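Scroll down for the structure; my scribbles are underneath it.
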Amino acid sequence: MDRREHGGGSPGEGRARPPHYFDADPAAASRPASVDLVLPDLHLRLATDRGVFSADRVDLGTRVLLESVPAPPERGRLLDVGCGYGPIALSMAARAPEAAVLGVDVNGRALDLARRNAAENGLYNVDFQLVDTDGSPAGGPARARPEPPLTGPFDAVWANPPIRVGKGVLHRLLRTWLGRLAPGGTAHLVVQRNLGSDSLQRWLEQEAGMAAERAASRAGFRVLRVRAP
Ligand SMILES: C[S@@+](CC[C@H](N)C(=O)[O-])C[C@H]1O[C@@H](n2cnc3c(N)ncnc32)[C@H](O)[C@@H]1O
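Just so you know, we're using full-length UniProt numbering here: the sequence shown kicks off at 1 and counts up by one.
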């Protein structure tokens with residue numbers, strides 16, 4: 001199997017596998033930490049912990065995405081798929097204070113951190129929701145919220161998607177959430193070149209029927225711009 005291909009195989013398929021950051025309840029003992037996300041236009045201090053993606057520093061791919069995407073629609077409905085502890089969703093919320101932002105993830109610990117990071121950075125136009133791998137709401141009764149959860153359509157989707165979950169899950173996830181783009185809406189996805197950004201672009205165009213192009217390329221990452229059909 002070509003491990004470089006996007007979503008190259010399900011980790012641990014057919015054998016016990018170690019816990020991953022994309023588990024619903026990471027088994028790793030808690031070790032609270034914080035990271036700084038410093039961009040030309042904003043500075044966020046973010047709480048992290050073991051058992052979540054890139055707990056020691058903001059991921060380089062995430063930085064490449066945040067430094068290359070155009071500003072989100074000011075009053076749009078915005079989505080971050082696989083939000084982790086929130087660097088992308090919170091950047092959207094800070095850059096578009098009148099927009100309504102939703103971050104979704106399968107990792108409950110990451111979502112608790114994301115909610116806390118929103119509050120501690122004074123960002124109240126963002127909501128976080130635990131989802132199952134198929135995109136349906138998960139985690140028992142909905143948390144108290146002033147409005148029903150956003151389900152789309154979304155004017156913009158930004159994501160550092162979970163390539164390592166394997167192609168099957170990744171493709172279902174992208175079909176589910178990119179299928180909720182509003183007419184004229186745009187998604188930006190950052191993918192490491194060595195993890196199959198080019199093959200993901202081909203899949204988006206040829207199998208998923210979406211217009212996908214390379215919007216940026218830097219430090220071994222590609223940012224794919226995807227338009228609603
Ligand atoms: C590459 S990480 C990016 C995290 C965060 N956006 C960041 O930039 O640091 C991908 C995230 O996708 C989440 N994830 C994995 N499978 C998912 C699924 N089926 N639906 C939603 N999120 C998922 C993981 O838990 C992880 O937090």
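Quick reminder that beta carbons are idealized off the backbone N, C-alpha and C, glycines included. Here the structure is a predicted model, which means the values were calculated and not measured.
- Straight through space, the alpha carbons of G108 and L90 are spaced by roughly 17 angstroms.
- Taking C-beta atoms as the reference points, R75 and A94 fail to come closer than 8 angstroms.
- For a cut-off of 8 angstroms, the C-beta gap from D155 to R77 is around 6 angstroms, short enough to register as a contact.
- Collapsing the DSSP output to three states places R193 in a helix.
- Pairing S197 with A96, the inter-Cα distance amounts to about 28 angstroms.
- Using a Cβ distance threshold of 8 angstroms, R193 and V64 do not count as a contacting pair.
- The segment 110–122 and the segment 44–61 touch, with three or more beta-carbon pairs separated by less than 8 angstroms.
- Taken through DSSP and simplified to helix, strand or coil, V226 comes out as strand.
- Straight through space, the alpha carbons of G168 and L42 are spaced by roughly 36 angstroms.
- Partner residues in a beta bridge of F53, as assigned by DSSP, do not exist.
- Around the Cβ of G209, a 10 Å sphere holds fewer than 16 other Cβ atoms; the residue is exposed.
- With fewer than 16 other beta carbons inside 10 angstroms of its own, V38 counts as exposed.
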